[in-house]
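Notes follow the structure.
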Amino acid sequence: MRVTDRLLAHRDKMTPSERQLISVLLDDYPMAGLGSITELASAASVSTTTVARMLQKTGFDGYPQFQAALRGEVKEMISGPIAKRDVWQNDLPEEHILNRYSQQTLANQKRTIDEVDPTEFDSFCNMLSDPDRRIFITGGRITGTLAQYLYLHLQMIRPDVRLLPFAASWTHDLLDVRKGDVLIALDVRRYENSTMLIGQLCQEREAEIVLFTDQWRSPIHRLAKHTFTARIAVPSAWDSMAAIVMLLECVIAEVQERLWDSVKERTDELEQAFDRTKLFRKFGQSSSS
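Residues in the sequence shown are numbered consecutively from 1, following the UniProt record's numbering.
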């Protein structure tokens, strides 16, 4: 289990001071736990005895073992393609790639859904369904394709949706961000500085931030109103985005249903535009018609 999983699994059984300690750890994860035990206790306004007791309840033998687990996660968070492959190559089962890769991807999707709080999901969909909120979407080098995918669907569903471009011109778009708008950020390991900066600037303009990230959580989670984590590790040098795509498609399906009357009108207009531009082939019609 991830360190965060172990902390959260036992939080309900903790004392108030121990829950306070866990909150401090999660708010600045994993950095809060990489200093000395005295520094952590001070940051949480608890005693070192409370730190030791909390760790014992979550299954750690002591602070050194806890920090070793954190350092292992940090190593995973910052690992590049070669390091990712090295983790998998010695433990791969003797199966065809179609089996071993798909099995892990399906397992990632199941664990991702199991970890989503339905109440939080509904709250996010409420935000996207609010016509008074404008939606801004941003992604990085890899997640930018997911941002584009989400943008195309939300733009069909409702007005006032913008995709922030990769180039520095995204600063122009942020001039229009106002209080109550929504920034959807997609950020997975190795978390990108530009995406973090966009999040900070939007927070300063009092927009609400929603983050889609991996199991280790982008630092943007400290700014986010809602954070949705997805399992991305697979037997490959590159991560799988399948679980994130599944989450995004769940969002698209739910918001579409909530706004169906207006979505139908927009779709009818869009289809008429497609017919006029002859974007799609009409089967049964000659090419000259």
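Here a beta-carbon is modelled for each residue, glycine too, at the ideal position from N, C-alpha and C.
A direct Cα-to-Cα measurement between residue 271 and residue 262 gives close to 14 Å. When the beta-carbon positions are compared, residue 129 and residue 158 come within less than 9 Å of each other. Around the beta carbon of residue 167, fewer than 16 other beta carbons lie within 10 angstroms, which makes this residue exposed. A Cβ-Cβ separation of about 5 Å places residue 109 in contact with residue 243 under the 8 Å criterion. If you draw a straight line from the Cα of residue 59 to the Cα of residue 49, it comes to about 16 Å. Secondary structure of residue 158 (DSSP, three-state): coil.
Inter-residue distance for residue 251 and residue 121 is about 8 Å (C-alpha atoms, whole angstroms). Per DSSP, the unbroken beta strand (DSSP E) holding residue 228 starts and ends at 226-230. Under DSSP, residue 186 forms a beta bridge with 212.
Counted as a single uninterrupted DSSP element, the beta strand (DSSP E) harbouring residue 138 occupies residues 135-138.
With respect to residue 139, residue 173 sits apart: the two C-beta atoms are not nearer than 9 Å. Taken atom to atom, the span from the alpha-carbon of residue 206 to that of residue 160 is near 17 Å. Residue 275 is classed as exposed because its beta carbon has fewer than 16 other beta carbons within 10 Å across all chains shown. For residue 3, the uninterrupted alpha helix (DSSP H) segment begins and ends at 3-10. If you look at residue 172, you'll find it in the alpha helix (DSSP H) that goes 170-174. For residue 51, the enclosing alpha helix (DSSP H) stretches over residues 48-57. Taking each of 133, 195 and 77 in turn and checking the Cα distance to residue 180, the smallest one comes out for 133. Non-local beta-carbon contacts of residue 124 in its own chain, meaning distances under 6 Å to residues more than five positions away in sequence, involve 210 and 226 in chain order. In this structure the stretch 52-67 does not touch the stretch 193-207; the number of beta carbon pairs closer than 8 Å is below three. Beta-bridge partners assigned by DSSP to residue 164: none are found.
Within the same chain, and ignoring the five residues on either side of residue 192 in sequence, the residues whose Cβ sits closer than 8 Å to its Cβ are 140 and 141. In the DSSP annotation of this structure, the continuous segment of the alpha helix (DSSP H) that includes residue 268 starts and ends at 260-277. In this structure residue 70 touches residue 3 by the C-beta definition: roughly 6 Å separates them, less than 8 Å. Assignment of residue 179 by DSSP, reduced to helix, strand and coil, places it in the coil class. About 5 Å separates the CB atoms of residue 77 and residue 189; that is less than 8 Å, so the two are in contact. Scanning 223, 233 and 208 for the CA closest to the CA of residue 216 turns up 233. Just measuring C-alpha positions, the residue of 95, 212 and 131 sitting nearest residue 146 is 212.
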